[in-house]
Every structure is written in C-alpha cells, then in structure tokens.
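Read in order, the letters of the sequence shown are residues 2 to 268 in the numbering used here.
In this text, a Cβ means the ideal position worked out from N, Cα and C, and glycines have one as well.
Since we're looking at a predicted model, the values are computed, not measured.
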Amino acid sequence: MLEKLLITGAAGGVAQLILPHIGHLAKTMRLSDLIEPEEIPEGAEFVTCDLGSEDDVNDLVAGCDGIINLGGRSTEDSFANLLTPNIVGIHNLYEAARLNGMPRIVQASSNHAIGFYRQGERINAKALTRPDSWYGVTKVYGEAVASMYFEKFGQETAIIRIGSCFEKPLDYRMFATWLAPQDFASMLTRIFEVPRLGCPIIYGVSNNKVCWWDNSQVQYLGWAPAESSDQFSSDLNYPRPSADDPAAIYHGGKFINFPIMKTTTER
Ligand code: NAI
Ligand code: 15L
C-alpha cells in the first residue's frame with residue numbers, strides 16, 4: 002500500500018469516476034487540480050495547483066510515493082492552449098518526480114496517440130505512434146518523456162493509452178474503445194502492486210467484443226478487464242456511422258477531421 006498517492010486532474014471526469022474504486026491504493030491521497038473537485042473522499046487533502054508552475058508542482062509531488070497524472074487538456078485545442086498543461090506540465094511533473102524520490106507514475110496517454118490506425122488493424126504496444134491531432138501529439142510527447150526518464154534515471158511509468166473512460170459508451174465507436182472505470186481501477190491496483198513495473202504502454206480498454214488493441218505485451222501485470230461494453234448493447238442504440246465517416250474508419254474517430262485550431266494569441 003502506498004503512503005501518499007497524488008492524483009492530478011482530480012476534478013475531471015475520469016478522476017471522479019475512479020476515485021470511489023481506488024481508496025485501497027494508499028493510506029492518504031493528495032488530490033490536485035485548477036478547480037476544486039465535486040467529490041473529495043474523506044481523509045483526502047486537496048491542493049490547487051497549475052501543472053504549468055514548476056515550483057508548485059515540485060511542492061505538490063514532495064512526500065508522495067505514487068502519482069496518477071490525469072491533469073491537462075483532454076481534447077483537441079489550439080497549440081497555445083495545449084502547451085502549458087500538456088507539454089510544460091509533463092516536464093514539470095517528471096522533474097518534480099526526479100527530485101523527490103521517483104514515485105511510480107501513471108501517465109494518462111490516449112488512443113489519439115495512435116488515432117490514424119485503421120479500425121481493421123489490431124495493434125500492440127510496439128506500434129509506431131500515429132497521432133491524429135495536436136492533442137494526440139502532446140500525448141506522444143508525454144510518452145517520450147516517460148521513456149527518456151526511465152532510460153536515463155529508472156523512473157517507472159505506466160503509460161496508459163486510454164480508449165474512452167466514461168460511465169458507459171457515448172457513441173457507436175465507443176463500444177470498441179470503452180474503458181469501464183472499474184477496469185481502470187483494477188489496472189491501477191496491479192500497476193502499484195507489481196514489484197517491477199518498467200515503462201510499459203498499456204491500452205486502457207475493457208473486454209469489449211470489438212477491440213483494436215492488443216495488451217499481450219503487458220501480461221506480466223496480471224491485469225484482465227472484467228467489464229465489457231456488450232452489457233449496454235440492448236439499451237444504447239447509437240446509429241452506426243456511415244462507411245466514409247472517420248468514426249467508422251480510424252481508431253481516433255472524429256479527431257482525424259478536427260481542424261488546426263487557433264487562439265487569438267496565435268497568428
Ligand atoms: P477532464 O478534462 O475531465 O479533466 C482534466 C482535468 O485537468 C480538469 O479537471 C482540469 O481542470 C485539469 N487541468 C487542466 N489544465 C490544468 C493545468 N494547467 N494544471 C492542473 N490541472 C489542469 O479529462 P478526463 O476525461 O478526466 O481525462 C483525464 C486524463 O485522461 C486527461 O489527461 C485525458 O487526456 C486522458 N484521457 C481521457 C480519456 C477519457 O476517455 N476520458 C481518453 C484518453 C485520455
Ligand atoms: C480522449 O483522449 C478524450 O480525453 C476523451 O474525451 C474522448 O474523446 C476519448 O479520447 C475518445 O477517444 O473517446
């Protein structure tokens with residue numbers, strides 16, 4: 002059991018879904034975000050922290066022996082808006098970890114790091130990245146930073162290419178990409194239990210009937226998802242996307258067609 006587990010992005014959707022299932026991981030929890038979460042488990046502390054502030058992130062990480070990093074922009078945006086949370090923030094987190102005893106890190110990567118693969122292709126952890134958006138590029142960067150800190154310093158990270166972690170699938174494509182919050186929680190349990198983690202890439206997906214991702218490279222974790230999106234097939238009658246819709250062609254679905262977004266601060 003960990004002494005103190007840090008969870009960034011604690012006010013976000015994924016954190017709020019998994020928190021009820023991961024109380025057993027640590028004696029105490031330190032939650033952090035830009036904004037206060039709706040639910041804070043009893044006994045947990047909350048610290049407001051912008052991942053873009055190197056000093057604040059260093060203070061945040063100090064004293065923690067495990068980190069689940071869920072904070073950041075979680076969808077496509079302009080490069081300017083992605084830069085601080087997803088690029089600078091990752092730098093700050095890994096530097097803070099290096100300077101504070103190298104707690105094991107869980108890094109929330111995304112299927113959008115490999116979004117340009119076609120749905121007919123089943124890929125494993127060795128597949129080259131094929132990001133489908135600037136957001137996906139920031140996730141590839143996060144994976145690269147994790148790899149560099151492992152090779153250089155032995156910093157362990159579980160890189161999770163999360164599919165779609167919601168209470169239930171929200172559209173037709175998510176029947177293939179859905180990750181049940183309970184399965185994410187059981188994966189986290191194994192990640193913090195295994196004596197040696199290394200720096201594996203794990204596809205965060207439940208035991209869905211249709212699935213494009215192969216986790217055979219991480220069998221050593223002893224994780225097997227128990228849930229399946231099939232349980233919703235009689236209730237959720239989402240229309241099947243037409244054959245020329247990216248949601249029917251690519252792993253990353255609609256992200257493939259997102260335009261390059263600009264903010265007023267960019268030309
Ligand atoms: P979310 O958008 O609901 O939560 C992200 C949280 O990060 C927010 O509460 C936000 O306030 C916080 N945040 C943003 N900028 C920050 C900054 N500069 N400093 C500190 N905190 C900041 O996202 P969600 O769905 O909870 O996702 C969590 C993580 O998992 C994200 O990294 C996302 O990219 C990743 N992910 C999620 C998937 C999903 O199905 N929900 C799929 C693939 C990846
Ligand atoms: C993600 O990376 C996003 O954070 C989430 O909101 C969903 O869009 C998910 O991917 C998905 O591909 O369904």
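- prompt: Among the residues of its own chain, which have a CB less than 6 Å from the CB of I36, if the five just before and after it don't count?
  reply: Listed in chain order, the non-local C-beta contacts of I36 below 6 Å within the same chain comprise A12, local neighbours out to five positions each way being set aside.
- Task: For the beta strand (DSSP E) containing Y204, list its first residue and its last residue.
- Result: That run of the beta strand (DSSP E) goes 202-205.
Residues near D57 by beta carbon distance below 6 Å, same chain, minus five either side: C50
For this session: Can you grab the Cα-Cα spacing for the pair D231 / S54, in whole Å?
Result: Here the alpha carbons of S54 and D231 stand approximately 43 Å from one another.
> What residues are listed by DSSP as bridge partners for L7?
Replying inline: R31, I68
- What do you reckon, is the C-beta of T130 under 7 Å from a heavy atom of the ligand 15L? Closer than 7 Å to some heavy atom of the ligand 15L: that does not describe the Cβ of T130.
From the DSSP output, in three-state form, read off S217 for me. helix
Q | alpha helix (DSSP H) runs contained entirely in the stretch 119-159, provided each spans 4 or more residues | A | 135-154
Could you give the first and the last residue of the continuous beta strand (DSSP E) run that contains V48? 46-49 is the span of the beta strand (DSSP E), which, as asked, contains V48.
Residue from P38, I124, I192 with nearest C-alpha to D215 | Ranking P38, I124, I192 by Cα distance to D215 puts I124 first.
Shortest alpha-carbon distance to E122 belongs to which of L20, N258, A177, F47? A177
> Within 7 Å: the Cβ of G1 and any heavy atom of the ligand 15L?
Replying inline: This structure leaves residue 1 out entirely; the chain is present only between 2 and 268.
Do A147 and C200 have their C-beta atoms closer together than 8 Å?
yes
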